[in-house]
Amino acid sequence: MERLKERILREGKNLGRGILKIDSVINHQVDATLMLEVGAEFARRFGDAHPTRVLTAEVSGIVPAMAAAYALGLPLVYARKHKPVTMQEPVFVEFAPSHTKGGQVSLMVSPEFISPGDRVLIIDDFLATGQTIAAMVRIIEDAGATLVGIGTLVEKSFEGGRELLSPLGVPIESIVIIDEMHDDGSIIFADEE
Numbered sequence: 146m147e148r149l150k151e152r153i154l155r156e157g158k159n160l161g162r163g164i165l166k167i168d169s170v171i172n173h174q175v176d177a178t179l180m181l182e183v184g185a186e187f188a189r190r191f192g193d194a195h196p197t198r199v200l201t202a203e204v205s206g207i208v209p210a211m212a213a214a215y216a217l218g219l220p221l222v223y224a225r226k227h228k229p230v231t232m233q234e235p236v237f238v239e240f241a242p243s244h245t246k247g248g249q250v251s252l253m254v255s256p257e258f259i260s261p262g263d264r265v266l267i268i269d270d271f272l273a274t275g276q277t278i279a280a281m282v283r284i285i286e287d288a289g290a291t292l293v294g295i296g297t298l299v300e301k302s303f304e305g306g307r308e309l310l311s312p313l314g315v316p317i318e319s320i321v322i323i324d325e326m327h328d329d330g331s332i333i334f335a336d337e338e
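Position one of the sequence shown corresponds to residue 146 (the numbering used here), numbered consecutively onward.
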C-alpha cells in the first residue's frame, strides 16, 4: 500500500535497534482514513478464511484490528496487558517479550470472548520477532479456537517473525514489509531492492 509507505518514509523515525516510530499514523495520532483503507485490504485478503473474530494486543494493534473487524463485520477482541477488576477468573494469560517496553508483557483474554469453534484472525500493528503474535496464538489454542490467519500493518522481515510463525500453516499478510533499517535512518521496503 503506497500511501502507508509514503507516510512511513515522510513521518516515521528509525530509532535504532529495529524500532520504528510511526506515532503520527497509528500509535499516538491515528490517520483514520488510512486505517479504514488498511481494514478493507485485510478484509479482501482474509475474507475467504471466514473468521468469526479478530484478535489483537493492546494498545497500538487495536486501530488496524478495529478497521479490519469493521470491514469484515466481526467483533474485535483485544488481549489486555493489565487485568482490570471487571475481568473475572479464569482468564487466558500468556507472556511475550516487548521490544519497545524492554521487558515481558502479559496478555490476557477472558474466555467469554474466544471460545471453541471460533475462527480467529490475528491483526497487529507490527510483525517483528513474532513473540507477541505467538503469545496470542497460544491463547487461541488454550481457548480451543482455530487460528485462520495473521495480518500486520508493518513487517520488519529482518527480525525473523515470519520464520517463527510460518510453521503454523496459516496465511501471513503484511500491508508493508521493511527489509532493512539502517543506522543513517534509511528504510528499505521489500519491493525496492
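For each residue, glycine too, the CB sits at the ideal point set by N, CA and C.
On the three-state DSSP scale, how would you describe residue i?
| i | result |
| --- | --- |
| Val293 | strand |
| Asp269 | strand |
| Ile164 | coil |
| Val315 | coil |
| Ile153 | helix |
Taking residue i as part of the beta strand (DSSP E), name the residues at either end of that continuous run.
| i | result |
| --- | --- |
| Asp287 | Looking at the DSSP string, Asp287 is not in any beta strand (DSSP E); the run it does join, the alpha helix (DSSP H), is Gln276 to Ala288. |
| Val170 | Run containing Val170: none; DSSP gives neither H nor E here. |
| Pro242 | Phe237 to Ser243 |
| Ile333 | Ile332 to Phe334 |
| Gly248 | Gly248 to Val254 |
State yes or no: is the beta carbon of residue i nearer than 8 Å to at least one beta carbon in chain B?
| i | result |
| --- | --- |
| Met253 | No chain B is part of this structure, which consists of one protein chain only. |
Rounded to whole angstroms, what is the Cα-Cα separation between residue i and residue j?
| i | j | result |
| --- | --- | --- |
| Gly310 | Leu217 | It is Leu, not Gly, that sits at residue 310 in the sequence shown. Using only the alpha carbons, I get a separation of about 23 Å. |
| Ile207 | Phe303 | 24 Å |
| Val183 | Ile259 | 24 Å |
| Gly163 | Asp336 | 19 Å |
| Gly157 | Ser169 | 8 Å |
Relative to the C-alpha of residue i, which candidate in the options has its C-alpha closest?
| i | options | result |
| --- | --- | --- |
| Val236 | Glu257, Leu221, Val250 and Gly248 | Glu257 |
| Leu266 | Thr297, Asp287 and Val238 | Thr297 |
| Arg307 | Phe271, Ile284, Leu200 and Asp329 | Phe271 |
| Ile268 | Tyr215, Glu234 and Pro261 | Tyr215 |
If the criterion is Cβ atoms closer than 8 Å, does the pair residue i and residue j meet it?
| i | j | result |
| --- | --- | --- |
| Arg198 | Pro220 | yes |
| Met281 | Ala224 | yes |
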